[in-house]
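*Asks:* In this note's numbering, the protein residues as written are 10 to 189.
1) According to the neighbour-count rule (16 or more other Cβ atoms, all chains shown, within 10 Å of its Cβ), is residue 92 buried or exposed?
2) Can you have a look at residue 82 and say buried or exposed, based on whether 16 or more other CB atoms are within 10 angstroms of its CB?
3) For the 8 Å Cβ check, are there 3 or more pairs between the stretch 108 to 122 and the stretch 37 to 49?
4) Would the beta-carbon of residue 94 be found less than 7 Å away from any heavy atom of the ligand SAH?
5) What does the alpha-carbon distance come out to for the pair residue 49 and residue 74?
6) Counting along the chain, where does the beta strand (DSSP E) carrying residue 155 start and finish?
7) Below 7 Å CB to CB, which residues in the same chain sit around residue 189 once its five sequence neighbours on both sides are set aside?
8) Quick check on DSSP: helix, strand or coil for residue 189?
9) So, is residue 72 buried or exposed, given that buried needs 16 or more other C-beta atoms within 10 angstroms?
10) Which of helix, strand or coil does DSSP assign to residue 89?
11) Do you know offhand how far residue 180's Cα is from residue 131's?
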């Protein structure tokens, strides 16, 4: 049901335009120099346009996409620009052929579903959970989920390892909602 709702929402250009603005707003809010994001699968918001605009505004900025080295291990993030040559990796997902590993300060995470408390539902592979649990260095990245409002649920079933994201952006709102 959530996958169908996401696919329908993703097919509406106005929702994608609004979500692109919110992605840029999140980048401005956190004022980071490096960002990790994801190559879009069917129904996922395609953040490449927003990230390309963000990169173009400052030559010191850096973006990266995840690379699955092997199943069951944390993701690596490799440098990406709109001109980066790509190759097909695990799960038939495009990944940068750059080979240059980066450690993003902010990580955009795709959401199949989410709740208002900032918890997300992914595909169940655990890649982001493993990656965040083994994050290199002392500072964890800011985690920002990207979702469509149609994929918000009352409360997701949570497991002990589940951690809320710092922020979830949709075309209509930010979650958790800022205190008034």
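Glycine is no exception: its CB is placed at the ideal position from the N, C-alpha and C atoms.
*Replies:* This is what the structure gives:
1) Indexing the chain shown from 1 puts residue 92 at position 83. By the C-beta density criterion, residue 92 is exposed, having fewer than 16 other C-beta atoms within 10 angstroms.
2) Within the chain shown, the letter at position 73 stands for residue 82. Here residue 82 is exposed: its Cβ has fewer than 16 other Cβ atoms, across all protein chains shown, within 10 Å.
3) Two segments are said to touch when three or more pairs of C-beta atoms, one from each, lie closer than 8 Å; by this definition the stretch 108 to 122 touches the stretch 37 to 49.
4) Because no ligand of any kind appears in the structure shown, any question about the ligand SAH cannot be addressed here.
5) The count along the chain shown starts at 1 and reaches residue 49 at position 40. The count along the chain shown starts at 1 and reaches residue 74 at position 65. Rounded to whole angstroms, residue 49 to residue 74 spans 10 Å at the Cα level.
6) One-based indexing of the chain shown puts residue 155 at position 146. Note, residue 155: beta strand (DSSP E), 151 to 155.
7) By one-based count along the chain shown, residue 189 stands at place 180. In this prediction, residue 189 has a pLDDT of 49, which is less than 50 and means its spatial position is unreliable; what the coordinates show is noted afterwards. The answer is none, since no qualifying residue turns up.
8) Start at 1 with the first residue of the chain shown, and residue 189 comes out as number 180. Residue placement at residue 189 is poorly supported in this model, since its pLDDT is 49, which falls under 50; the coordinates still yield a value, given next. DSSP places residue 189 in coil when its eight states are reduced to three.
9) For the purposes of this step, residue 72 is identified with residue 63 of the chain shown, where counting begins at 1. Residue 72 should be labelled buried.
10) In the chain shown, the residue the question calls residue 89 occupies position 80. It is a strand residue.
11) Here residue 180 corresponds to residue number 171 of the chain shown, with the count starting at 1. Here residue 131 corresponds to residue number 122 of the chain shown, with the count starting at 1. C-alpha separation (whole angstroms): 19 Å.
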